[in-house]
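Novice:
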Ligand code: TRP
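This is how it looks when you write it as structure tokens:
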């Protein structure tokens, strides 16, 4: 621990909840969730996803927050503190490494979103070829590089300002704006003529749509969207005071994140169906299908602008949590000054993000199992690093530090919710087995498919 720099604490319960919800709510909810639902057939997948959030997401988010609050440390320090003289700190180190990888390409995608704010403001018109427009943007170099740099610059600026003056202040301003923008977009979408078909797709389950891959996708999505498996919630939990009940706070974060994901579906599917487009476009849903929707819809330019603004805001409040993990580690363990750590790490992450950015132009010859560089980074993060980190964190909390200690930490302060025996069973057995199974299926499917 660094004696020179006093460890900051969130100044209110709301500050912590909004910061953690800000981390959770991101590109994962607005860009990824709808296309994953879209490619998995809609409503039936939504149900599987909700079960995964409750049975797997809730125990793991509690475990991470509890490890962080008890140790008051970054992920590496937390494992060192709770299991001294063992190798468990390597799980924290894997998390810090994963933070580098995810933020590097996350910032590239966030950069696309920023470019599309400008694009939307100039107007989407029905004579545009949206697939070409998007391809044209990502295969160019200068503009994506510029936005990637701007996005990393914003992230570094917020983290440099600290936990309270940087992170907490930012989320208190941006999260309410995000909710309002989202509600406006939902209202626009469901009030379009022909919205019913999209609502049916989203809400009327047909279990014949499910495959093994759906379970896999649901659990992977639950991890990514809740920011689990790399120590982000350990880090945020480490700034939480003893007076807060973690079972409650984690419940709020989970609820807010799920609400935003579900609302994003309401903002997107009715509009997509109303205009006779298909919901299964995959990653291009946000950048290709939606602009086509905005081009046709009344006041589409305005709503398109709002949408990409919303997407960018969500990305900022998530990116800061990824950078904070790495910065907290360097500040705690290597005693660097926060600002310097944020700047140096920010520049390195920017550089790590350049190859996936060039994967559509200069480095387009690169191919790993048929994937471009950005998909390759994403594949390693979501198929290997996050599940592995989550699995080991669950084993650690359940068996090494112990489910009893974890639950005690979570319930420490008075609250409405409290966790007990069921939590123990989930974190000790259900979570590790479920994650182990999806990792095996995920890896097998990639190589077999
Ligand atoms: N949860 C964020 C999203 O849905 C992304 C994110 C932020 C994240 N921090 C993370 C994902 C830590 C995994 C781990 O966009």
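In my numbering, the protein residues as written are 439 to 887.
Heads up, the beta-carbon is just placed ideally off N, CA and C, and yes, glycines get one too.
Since we're looking at a predicted model, the values are computed, not measured.
Are there any heavy atoms of the ligand TRP lying less than 7 Å away from the beta-carbon of residue 824, as far as the coordinates show?
Specialist: As a first step, residue 824 must be located in the chain shown, where it is residue number 386. Indeed, a heavy atom of the ligand TRP lies less than 7 Å from the Cβ.
Novice: Report yes if the C-beta of residue 462 is less than 7 Å from at least one heavy atom of the ligand TRP; otherwise report no.
Specialist: The count along the chain shown starts at 1 and reaches residue 462 at position 24. Yes, since a heavy atom of the ligand TRP falls inside the 7 Å radius drawn around the Cβ of residue 462.
Novice: Starting from the C-beta of residue 441, find all residues in its chain whose C-beta is less than 7 Å away, skip the five residues before and the five after it, and write them out in chain order.
Specialist: Here residue 441 corresponds to residue number 3 of the chain shown, with the count starting at 1. Since pLDDT at residue 441 reaches only 46, below the 50 mark, its modelled position is unreliable, and no value is offered.
Novice: Sorted by chain position, which residues of the same chain lie with C-beta nearer than 7 Å to residue 604's C-beta, five sequence neighbours on each side aside?
Specialist: On the chain shown, position 166 is the one that residue 604 refers to. Around residue 604: 596, 597 and 598.
Novice: In whole angstroms, give me the CA-to-CA distance for residue 479 and residue 653.
Specialist: Taking the first residue of the chain shown as 1, we reach residue 479 at position 41. Taking the first residue of the chain shown as 1, we reach residue 653 at position 215. Approximately 12 Å, taken between the alpha carbons.
Novice: Does the distance from the CB of residue 722 to the CB of residue 572 come in under 8 Å?
Specialist: Translated into the one-based positions of the chain shown, residue 722 becomes position 284. Translated into the one-based positions of the chain shown, residue 572 becomes position 134. Yes; because the gap between Cβ atoms is below 8 Å, this pair is in contact.
Novice: State yes or no: is the C-beta of residue 589 within less than 8 Å of the C-beta of residue 649?
Specialist: Within the chain shown, residue 589 is the residue found at index 151, counting from 1. Within the chain shown, residue 649 is the residue found at index 211, counting from 1. Result no, Cβ atoms of residue 589 and residue 649 do not sit closer than 8 Å.
Novice: Can you tell me where the alpha helix (DSSP H) holding residue 775 begins and where it ends?
Specialist: Translated into positions along the chain shown, residue 775 becomes position 337. Note, residue 775: premise wrong, no alpha helix (DSSP H); not H, not E.
Novice: Find out if the Cβ-Cβ distance for the pair residue 468, residue 748 is shorter than 8 Å.
Specialist: Taking the chain shown and counting its residues from 1, one reaches residue 468 at position 30. Taking the chain shown and counting its residues from 1, one reaches residue 748 at position 310. Cβ distance < 8 Å, so residue 468 and residue 748 count as in contact.
Novice: Taking the C-alpha atoms as reference points, what is the distance between residue 764 and residue 736?
Specialist: Counted from its first residue, the chain shown places residue 764 at position 326. Counted from its first residue, the chain shown places residue 736 at position 298. Straight-line Cα distance between these residues: approximately 44 Å.
Novice: For a test of the three-state rule: what should DSSP assign to residue 503, helix, strand or coil?
Specialist: For this step, residue 503 is matched to residue 65 along the chain shown. Looking at residue 503 - three-state DSSP - the assignment turns out to be helix.
Novice: For residue 521 versus residue 530, is the C-beta distance shorter than 8 Å?
Specialist: In the chain shown, the residue the question calls residue 521 occupies position 83. In the chain shown, the residue the question calls residue 530 occupies position 92. Not a contact, by the Cβ cut-off of 8 Å.
Novice: Given that a residue counts as buried once 16 or more other Cβ atoms are within 10 Å of its Cβ, and exposed if not, what is residue 439?
Specialist: Translated into the one-based positions of the chain shown, residue 439 becomes position 1. Residue confidence for residue 439 is low, a pLDDT of 44 falling below 50, so the modelled location carries little weight; the figure read from the coordinates is stated next. Answer is exposed; the Cβ neighbour count stays below 16.
Novice: Whole angstroms is fine: what's the gap from residue 633's alpha carbon to residue 744's?
Specialist: The residue labelled residue 633 in the question sits at position 195 within the chain shown. The residue labelled residue 744 in the question sits at position 306 within the chain shown. Taking the straight line joining both Cα atoms gives about 20 Å.
Novice: Does DSSP put residue 806 in a helix, a strand or coil?
Specialist: As a working note, residue 806 is residue 368 in the chain shown. If DSSP states are grouped into helix, strand and coil, residue 806 belongs with the strands.
Novice: When you compare only the Cα positions, how much space is there between residue 407 and residue 587?
Specialist: No statement about residue 407 is possible, as the shown extent of the chain runs from 439 to 887 and does not include it.
Novice: Could you tell me the distance, in whole angstroms, from the CA atom of residue 622 to the CA atom of residue 565?
Specialist: Position 184 of the chain shown holds residue 622. Position 127 of the chain shown holds residue 565. Cα to Cα, residue 622 sits roughly 26 Å from residue 565.
Novice: Return the Cβ separation of residue 752 and residue 463 in integer angstroms, given the expectation that the two are a contact with Cβ distance under 8 Å.
Specialist: The residue you call residue 752 lines up with position 314 of the chain shown. The residue you call residue 463 lines up with position 25 of the chain shown. Indeed, because the Cβ distance is near 5 Å, the residues count as touching under 8 Å.
Novice: Does DSSP put residue 523 in a helix, in a strand, or in coil?
Specialist: Here residue 523 corresponds to residue number 85 of the chain shown, with the count starting at 1. Three-state result, residue 523: coil.
Novice: Residues in its own chain within less than 6 Å of residue 672 by CB, not counting five upstream and five downstream?
Specialist: Taking the first residue of the chain shown as 1, we reach residue 672 at position 234. The residues are 502, 505, 506, 513 and 516.
Novice: Taking the Cβ atom as the reference point for each residue, do residue 704 and residue 792 lie within a distance shorter than 8 Å?
Specialist: Looking up residue 704 in the chain shown gives position 266. Looking up residue 792 in the chain shown gives position 354. Not closer than 8 Å, so no.
Novice: Given residue 741, which residues of its chain have a CB within under 7 Å of its CB, disregarding the five upstream and five downstream residues?
Specialist: The residue labelled residue 741 in the question sits at position 303 within the chain shown. Excluding residues within five positions, the ones whose Cβ falls inside 7 Å are 623, 626, 732 and 735.
Novice: Closest by CA to residue 492, which one among 657, 477, 882 and 702?
Specialist: Along the chain shown, one-based indexing puts residue 492 at 54. Nearest option by C-alpha distance: 657.
Novice: Tell me the start and end of each unbroken beta strand (DSSP E) in the region 603-635 that is at least 3 residues and wholly inside, in chain order.
Specialist: Runs found: none.
Novice: Whole angstroms are fine: how far does the CA of residue 659 sit from the CA of residue 475?
Specialist: Taking the first residue of the chain shown as 1, we reach residue 475 at position 37. Taking the first residue of the chain shown as 1, we reach residue 659 at position 221. The straight-line gap from Cα to Cα measures roughly 10 Å.
Novice: Taking 7 Å as the cut-off, is the C-beta of residue 766 nearer than that to any heavy atom in the ligand MG?
Specialist: Summarising the ligand content, the structure contains the ligand TRP and does not contain the ligand MG.
Novice: When the Cβ atoms of the region 677-684 are set against those of the region 692-703, are three or more pairs found closer than 8 Å?
Specialist: Taking 8 Å as the limit for Cβ pairs, the verdict is that the region 692-703 does not touch the region 677-684.
Novice: Nearer than 7 Å: is that true of the beta carbon of residue 750 relative to any heavy atom of the ligand TRP?
Specialist: Here residue 750 corresponds to residue number 312 of the chain shown, with the count starting at 1. No, the ligand TRP has no heavy atom inside 7 Å of this Cβ.
Novice: Exposed or buried, which one is residue 449 when buried takes at least 16 other CB atoms within 10 Å?
Specialist: Position 11 of the chain shown, counted from the first residue, corresponds to residue 449. Flag for residue 449 reads exposed.
Novice: Taking C-beta to C-beta, are residue 707 and residue 482 nearer than 8 Å?
Specialist: On the chain shown, residue 707 is found 269 positions in, with the first residue counted as 1. On the chain shown, residue 482 is found 44 positions in, with the first residue counted as 1. Taking 8 Å as the Cβ cut-off, residue 707 and residue 482 do not qualify as a contacting pair.
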